[in-house]
Amino acid sequence: MSGLTEINWMIGGPQGTGVDSSATLFLRTMAVAGYHVFGKREYHSNIKGKHSYFNVRASHQFVQSSRDPIDLLATFDKETATTHGHEIIPNGALIYDEKVVKPEDIEGLDASVTTFILPFDDILQEVAEETDSNPMKLVIMKNTIAVAASMALYGVELHHMEEALKGIFEGKKAKLVPLNMKAAEKAYAMIQTMDGFDKFTFKIDPVANVPEKGSRLLMNGATACGLGKIKAGCRMVTYYSITPAVDECIYLETQPHYGVNVVQCEDELAAMNMVNGAALTGMRASTATSGPGFCLMAEAIGWAGICEVPSVIFNYQRGGPSTGLPTRSEQADLMFAINVGHGEFPKIVIAPGDMEQCFEDSFECFNLAERYQTPVIVLPDKVLANNTQTIPHFNEEGLKIDRGFIFEPTVKDPYDDVEGAMATHKRFEVTEDGVSPRSLPGQPGGIHWLTGDEHTEIGHITEEPSIRMAQHEKRFRKLDKALQEIPQDRQYKLYGPEDADVTVVAWGCTKGPMLDAMPLLEKEHGIKANLLHIRLFSPFPAEGVLKILEKSKQTMSMEANFTSQLHRLIRMETGFTIGHRVVKYTGRPISQDEAIDAIRQVVEQNAEKVVLSYGH
Amino acid sequence: MSGLTEINWMIGGPQGTGVDSSATLFLRTMAVAGYHVFGKREYHSNIKGKHSYFNVRASHQFVQSSRDPIDLLATFDKETATTHGHEIIPNGALIYDEKVVKPEDIEGLDASVTTFILPFDDILQEVAEETDSNPMKLVIMKNTIAVAASMALYGVELHHMEEALKGIFEGKKAKLVPLNMKAAEKAYAMIQTMDGFDKFTFKIDPVANVPEKGSRLLMNGATACGLGKIKAGCRMVTYYSITPAVDECIYLETQPHYGVNVVQCEDELAAMNMVNGAALTGMRASTATSGPGFCLMAEAIGWAGICEVPSVIFNYQRGGPSTGLPTRSEQADLMFAINVGHGEFPKIVIAPGDMEQCFEDSFECFNLAERYQTPVIVLPDKVLANNTQTIPHFNEEGLKIDRGFIFEPTVKDPYDDVEGAMATHKRFEVTEDGVSPRSLPGQPGGIHWLTGDEHTEIGHITEEPSIRMAQHEKRFRKLDKALQEIPQDRQYKLYGPEDADVTVVAWGCTKGPMLDAMPLLEKEHGIKANLLHIRLFSPFPAEGVLKILEKSKQTMSMEANFTSQLHRLIRMETGFTIGHRVVKYTGRPISQDEAIDAIRQVVEQNAEKVVLSYGH
Amino acid sequence: MATNLQAPPVAPLAEKLKPMKLKSDKHPDWCPGCGDFGITNAIQQAISNLQLPPWNVHFFTGVGCSGKTSHYVQCYGVHTLHGRSLAFSQGAKVANPKLNVIVAGGDGDGYGIGAGHFVHAGRRNVDMTYVVFDNEVYGLTKGQASPTLPEGDKPKSLAAPHVVQPINPFALALACGYTFIARSYAYDAKHLRATLAAAMEHKGMALVDVLQPCPTYNDLRTKSFFDEEVTVKGSPVPRVYYMEDEGYDGVVKDSTDATEVNDKRMAAFNKIYQQEERTGLGVYYKIDIPTYEDRVKRNLPILNEYSPIDLPYHDADMNPTTDLTAGKGSMVI
Amino acid sequence: MATNLQAPPVAPLAEKLKPMKLKSDKHPDWCPGCGDFGITNAIQQAISNLQLPPWNVHFFTGVGCSGKTSHYVQCYGVHTLHGRSLAFSQGAKVANPKLNVIVAGGDGDGYGIGAGHFVHAGRRNVDMTYVVFDNEVYGLTKGQASPTLPEGDKPKSLAAPHVVQPINPFALALACGYTFIARSYAYDAKHLRATLAAAMEHKGMALVDVLQPCPTYNDLRTKSFFDEEVTVKGSPVPRVYYMEDEGYDGVVKDSTDATEVNDKRMAAFNKIYQQEERTGLGVYYKIDIPTYEDRVKRNLPILNEYSPIDLPYHDADMNPTTDLTAGKGSMVI
Ligand SMILES: Cc1ncc(C[n+]2csc(CCOP(=O)(O)OP(=O)(O)O)c2C)c(N)n1
Ligand SMILES: Cc1ncc(C[n+]2csc(CCOP(=O)(O)OP(=O)(O)O)c2C)c(N)n1
Ligand code: SF4
Ligand code: SF4
Ligand SMILES: [Mg+2]
Ligand SMILES: [Mg+2]
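Chains as they are written, first to last, in numbering that gives the first Met the number 0: chain A, 0 to 615; chain B, 0 to 615; chain C, 0 to 332; chain D, 0 to 332.
What follows is the structure in structure tokens.
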């Protein structure tokens, strides 16, 4: 069975013991070796000690989802072995430390699985002696050992790791590279001499044409969002720490040269209202939060709505409700985001589906906010934020900054023409498309008022019914304009054959597993599926979506939530009832295998509703 | 044209000058005289000086909405006359003070309108002299004068006013009764001598069978809600002042004998979380707020959801978005309330449609909260809160307190059986109907934990997928149970003939104008309409509502909002698209006349959408 | 809030910027006799006196009777949300430090629902002036107790005596790091104007709490109450007095002198808590230390070159110009 | 928080309520060496020492590492929302004053997002004990600066030195009316337990701020840092010391004596601001005045007869028993 083009590796251990570092090392090593990699991270809301794991898929092909059965599980604690042992595929392998666990303790471990006892401590001891180091300080290198042994089993050449390590340990830390390589070499050599080494047949072929160095990115979605914001000219990001939104902020804080002021606020009320204040000045500003914090922003988003302020809100969705599953993922804030805030005001709600869209949406959201002068809510999720993936460089060509309709002062020298400089400006002029000229404080001749109350064209409070109607209608007209102008591709997109047996409607990160699943579904199960992936939720592209759905042979929704929110939204917006629905609400992402399984249940067994639950 | 059974009176003036008092006096007087009255109050978000008005309809029949054309407008300032003059029906009358306005200044005043100059100051001067009072102190009696003159014009006997005044000025203030009567008598006599007195033909017949004294209530909705809460045993109402919710609190504060602790909080976050804390103890507690405050409660409502706490939230809807139209009304928080809070959790959302339902829902919401152990959101609105109406006594018979499934300690003497007293209790036991035994702090043997995180049956944090699923599903099962158990009448109700030409779907205070409109529609326009009034929105009674809609010849929705929220909700829940829609978003309530007009536009002209806008 | 405009005035604005010009066309709708009129006038005068170009003044208010003030001043006025004016205004000033930022609002707004922001604004020391209209009630919602109403008091708008202790805004501000803390009185036009101007000239977070009679709801703290004399140690003295006149000086001269700082701080606390019978007007405390805008430059040195709002990010054709190479760093594979 | 149970214990609970019994079955998942362990033990011990029946203890916590504490104590534990524990707990105590209410949470939780509630809880003086785990970081979200982190400091979890001034929790509490204000230290089991017990015995709103090392993120304020001696006026003294040992007494003996109250308050402020080099453990200030629960009875005299939660409203058949006649009053026509 040599000559695989894809492998699926997992490492686990207590939080804070280096699971992340070893996964990063493995991801980087495989990427350096030219593979496409996809890394999934699962961890508890805990700092040290609780179980976490990282699942890495490496492939000759571009992949964007995780798979369920693992071919090689690397462990050095008991919990990982017992929790995940049963997930190892027949004939797969387990690396373990016999000091902490025995294979017989592992329920569900397939008899065909080869087990490798790795003497982590002995190897570390040897390295310590040879390099005259304190063995206690080397403990973290257990990860390197596990990765090296895994590489040997997969048949990946070790020198790739050296290059990977150089990318990780730069500058002062460069001396760690040889130290780690010493441990790696020992583990790599040792495992090759072990019983069963040849029995493990999941060797991966080297990549024929290793992509040119520098031609790809290895990145997670939080970083992609941060980069999109930087590119867009966003120079102020307010936040109040919260998982997983804080990852974007932490990334931005490490990039002081761009001058992005990452303002830590006292709470999310402040974070959102500071963005309102900043956006009023003409600064492109945004806040990043997650569910509980997003709740606290509801009132301030409404203010931005009635005052037509281009504030940008990133709500990184996590498992709810309430504190919920704070480090897990869910797509359960859609209906809340669309309806957030009392009363009615236009808002634009979008959700990226992959790394590239994270970048693109994080760039475009500011254009949308300024063009339509209304708050924009972006809904990534924990899966997108934390997954690490190799991707092509972002397409930065053709990006344009659109600042919308900004007032042009006619007063040249305000000190000369004080009268003109102090003139009142119709900030909320009732226009055909609803967009009015936005003046910014500091501009002579642009004076106007803002208020959360209904207001006149210059912004003074009014309760006059006719003005109320004109302003209310004008604000909503902007949504019609947006729906006309936003490129259709960024509203929704149909992936796959038009004449599919089944159309799967999904949003956000479910795109990855679906795209990975589609070719296999056709090849292995003869099911032709396509994917209708929605990115724009408010205003909702009802007409276009309905047209596709009506033409579909069979329809199903697939979402990581309990109540099938997109399914319901589509019915509300179009009247169309999607025939079948797939849900998952364990806080874990939908895998490629689950996507396949769910579609088969629908197509082959006509299941009305499929509840997915794989993964720990 | 003598012998009317209904009149429609209006009084207006700057806020803070007694418009409310005079309307109260007129309402009370007419009620004492045996009429059914309905009073509509419109005012600015301002303390003193801005225009406000009060519209009083008095009728031989039970009425529950306002009408548009006024037969008699009483003014003593210019703004009222110019703003509302055009609303006077042909042959109606205007009472004015020639010192402030001339009829020729009033645009749109019908030529047939009789105008009466009332020498307010002279009358006051006379009274002052006769009673040796300071004329400045009597200014407020201008209202009494206007009311008395109006009574004369309508042909209502003045002695009813004396009784009304006695009800208003009790105790120490009783001496004001004769003083006011003196002024009233003068005005009453004077106007009868004026030119045009006989031309005004809108005399109302006396009521044949004046209802027995004490047999009815003259009340607004905020009070009805307060009484419902008192009856239900709610002994703690938290609030942070906001219009119009504060009216309920102000009422409760005047009733210290019931021991309701009306706790003024530092903000609505505190108000909601204090209710959560109080509800945990077993106290029946509630908070009262309006849109902006409701926004701030989103996070805490989610906590109540996942922790299954019977917290009750009254969100008195007002004109939005943001600060919006703070003293006007709207039905625009429905979708927000249903979707409030990130993630997914069961909530019960209900909205009363009239005074009786205000009382009933304010009583029942605590039963619902405790029976289903979940937050209950009640959505009255400013119209209901502020309208004053004669109604029968509430039906208090048959009301039952339902505290739901409360844990019964088995430990008798905890000090004797400390072990037992300290035992852990399965607060979140996974049961068939989703309801688990609720133990209260202080109960021996009931110890458990609560957390906003997903949790085990005893309430400890867990991220275990299978437990998450079991708990999430269990919580939602409670909504199925609720939908089965809540009497159908309290879910939705069809008023009027089953075989109507058109079924109007409405919620909240639109019930009143619809019920008043239906007989007239049939009598005057030959349109047989019925009303499907919805009271329960989450869980939504999709099946029953759909059945009615499918049987209807024609369907239309009627709501005081911009986006037809109920219309959209029904499509989401049932897939049914209601054929026509009527909206109003000026912040003013829909009147009986507007309801008639809108239905005619739909039925006679097949209008797809009707936008109403009457009223200032 | 210091005045740091980009370009210096070409000609003095004084003549062109008479306070009258700072009145907007909107007429205030406050009750007759309300203290808010005086405060609004004083704000207009202070802006005029300091020659702040109104088109560069970003004026934020909370929600309440007082919250309407921004509508009455002819400058960029922002009537924000109840309790959130400090969050808005800090966002604006941090984004564009060249603006002259003024904030105003009620005591309910600032010390009630806004207490959290009030506390943390002190920690940041963003350069702005915050004027609190202190009338002991929630005016616009009809007279409920505000956080400054003393326990046991029952103004006519309350159904029963107040059961909660009042906040002490000055002690709170001092504890939270406000660098300018003063009190004035709505009917004392001259003192008020001067105090506001001093606050605006202060570089850092300035609080001016203004005694603002609300004749409609608060019948306890009225004009005549403040005009009364009180007896202290047997002799009659005015209830409202200038602390300066009695020798009090709250200004720290050398902020690097720890002893002086501590002495001044303690003197201020002392003064603050000696207000039982009398009410001192003037500056309780003032210190000059770096503002947030200054401090943030330590971590973002590029802000020494550019004001945040001027950081370039696109060319004339609206093509984005930021090079992401550094940001991607070692993530390039 | 005073212990006012309905029925006095029939037999002393001391034997039956060893601190061990107060441990729940849930094992803490804090990092090794975390100060939270010590605080949790001390809370258990204080409850045991005071013989508070655990089934009558309503223990509220915020969200953070510290927020998990409620899960580890065998009593009615409520892990609330980030920043809201004081709102929950006041609601519970006001509803049922017979409960023993304890509140705990992080410095980010209490002084950061919770600052507004912190301020207003002082004004109410509801009878409860609030324990703040002061580690200068947001532990659970991986070490961002909490409001107590000094400006300019850079613990290892921060990318750059902190740009915001710290909060002074004691000055803040004193300004806001807390009636018991103390500090203790997580690794000083004895002092901590005694301080918590004293706070629980205090009738009113008690704050105990506990120095809580976070070995994972805060490498500045570690055990060894606190163990160090510092040089004050030339001689070495322990950094952490008992204020009592040095003659400090923050307890007001007669709360009706305005002079004593003022003197004690000023002494406390003085002490609070003399913590640059050293950290004093013990009670900064304590005063006995009526609680909110007491004061509210003035307006609702029926609460002299019934505890709020015991106000009857239905009979044995669950028929509501409240007569609405009085409530409808003159609205009956
Ligand atoms: C979130 C929110 N809660 C409540 C209100 C209602 N509200 C409007 S003004 C006001 C109080 C105003 O009091 P204060 O701030 O003292 O200002 P004043 O009217 O006394 O000048 C309140 C509570 C609101 N607008 N928003
Ligand atoms: C509204 C809201 N915002 C943010 C968070 C995320 N969050 C969880 S714990 C925490 C900070 C904890 O810091 P602290 O209160 O100091 O407790 P510690 O972990 O240090 O004990 C934050 C910000 C949240 N749960 N809710
Ligand atoms: S209610 Fe009071 S604060 Fe408001 S405008 Fe009237 S007098 Fe001024
Ligand atoms: S992160 Fe810090 S506070 Fe949290 S458990 Fe670890 S050591 Fe304790
Ligand atoms: Mg006020
Ligand atoms: Mg902390």
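Don't be surprised by glycine CBs; every beta carbon is placed ideally from N, CA and C. These numbers were taken from a predicted model, which means no experiment stands behind them.
{"Check": "Name the one or two DSSP bridge partners that Arg119 of chain A has.", "Outcome": "What sits at residue 119 of chain A in the sequence shown is Phe, not Arg. In DSSP, Phe119 of chain A forms no bridge with anything."}
{"Check": "Nearest to Ala197 of chain C by CA position, among C:Gln274, C:Pro237, C:Ile42 and C:Asn269, is which residue?", "Outcome": "C:Ile42"}
{"Check": "With a threshold of 9 Å between beta-carbons, can Thr562 of chain A be considered close to chain B, or not?", "Outcome": "yes"}
{"Check": "Measure the Cβ-Cβ separation of Ala528 of chain A and Ile598 of chain A and say whether it is below 9 Å.", "Outcome": "yes"}
{"Check": "List the residues of chain A that Val102 of chain D touches, going by C-beta distances under 8 Å, in chain order.", "Outcome": "Here the premise fails: no neighbours, minimum Cβ distance about 17 Å."}
{"Check": "Candidates B:Asp500, B:Asp19 and B:Thr222: which alpha carbon is nearest Tyr315 of chain B's?", "Outcome": "B:Thr222"}
{"Check": "On the DSSP letters alone, give me the boundaries of the beta strand (DSSP E) that Asp70 of chain B sits inside.", "Outcome": "Ile69 to Thr74"}
{"Check": "To which residues does DSSP link Ser537 of chain A through a beta bridge?", "Outcome": "A:Val348"}
{"Check": "Does Gln316 of chain B have its Cβ less than 9 Å from a Cβ in chain A?", "Outcome": "yes"}
{"Check": "Along chain B, which residues have their Cβ under 7 Å away from the Cβ of Thr215 of chain C?", "Outcome": "Ile46 and Lys47"}
{"Check": "Report the three-state DSSP secondary structure of Arg66 of chain A (helix, strand or coil).", "Outcome": "coil"}
{"Check": "Using a Cβ-Cβ cut-off of 9 Å, state whether Tyr137 of chain D counts as contacting chain A.", "Outcome": "yes"}
{"Check": "Is there a C-beta anywhere in chain A that falls below 9 Å from the one on Pro289 of chain D?", "Outcome": "no"}
{"Check": "Using a Cβ-Cβ cutoff of 9 Å, what residues of the stretch 265–282 of chain B are near chain D? List them in chain order.", "Outcome": "Glu265, Asp266, Leu268, Ala269, Ala270, Met271, Asn272, Met273, Val274, Asn275, Gly276, Ala277, Ala278, Leu279, Thr280, Gly281 and Met282"}
{"Check": "Output the boundary residues of the beta strand (DSSP E) element that contains His43 of chain A.", "Outcome": "No beta strand (DSSP E) holds His43 of chain A; DSSP gives it neither H nor E."}
{"Check": "Using beta carbons (cut-off 9 Å, strictly below), is Ala297 of chain B in contact with chain A?", "Outcome": "yes"}
{"Check": "With DSSP as the reference, please indicate the residues paired to Arg437 of chain A in a beta bridge.", "Outcome": "A:Ile405"}
{"Check": "Following a CB-centred definition, is Thr140 of chain D positioned closer than 8 Å to any heavy atom of ligand 2?", "Outcome": "yes"}
{"Check": "Okay, do the stretch 369–381 of chain B and the stretch 298–310 of chain B touch, 3+ Cβ pairs below 8 Å being the bar?", "Outcome": "yes"}
{"Check": "Following the continuous alpha helix (DSSP H) through Asn99 of chain D, name the residue where it begins and the one where it ends.", "Outcome": "Per DSSP, Asn99 of chain D belongs to no alpha helix (DSSP H); it is in the beta strand (DSSP E), Asn99 to Gly105."}
{"Check": "What does DSSP give as the partner residues of Asn219 of chain B in its beta bridges?", "Outcome": "B:Thr387"}
{"Check": "Looking only at DSSP bridge pairs, what is Trp8 of chain B linked to?", "Outcome": "B:Val55 and B:Leu71"}
{"Check": "Note down, in chain order, all residues in the stretch 19–46 of chain D with a beta-carbon under 9 Å from any beta-carbon belonging to chain A.", "Outcome": "Asp28, Trp29, Cys30, Pro31 and Cys33"}
{"Check": "Chain A beta carbons: is any one of them nearer than 9 Å to that of Ser329 of chain C?", "Outcome": "yes"}
{"Check": "Going along chain B, which residues have a C-beta under 7 Å from Ile112 of chain C?", "Outcome": "Tyr239, Glu265 and Asp266"}
{"Check": "List in chain order: all unbroken alpha helix (DSSP H) runs of 4+ residues lying wholly within the stretch 266–323 of chain B.", "Outcome": "267–280, 290–294 and 297–306"}
{"Check": "Looking at the secondary structure, which residues open and close the beta strand (DSSP E) in which Val236 of chain C lies?", "Outcome": "Ser234 to Pro237"}
{"Check": "Using the beta-carbon of each residue, which ones in chain E are nearer than 8 Å to Pro291 of chain B?", "Outcome": "Annotation note: the requested chain E is absent from the structure, which comprises protein chains A, B, C and D."}
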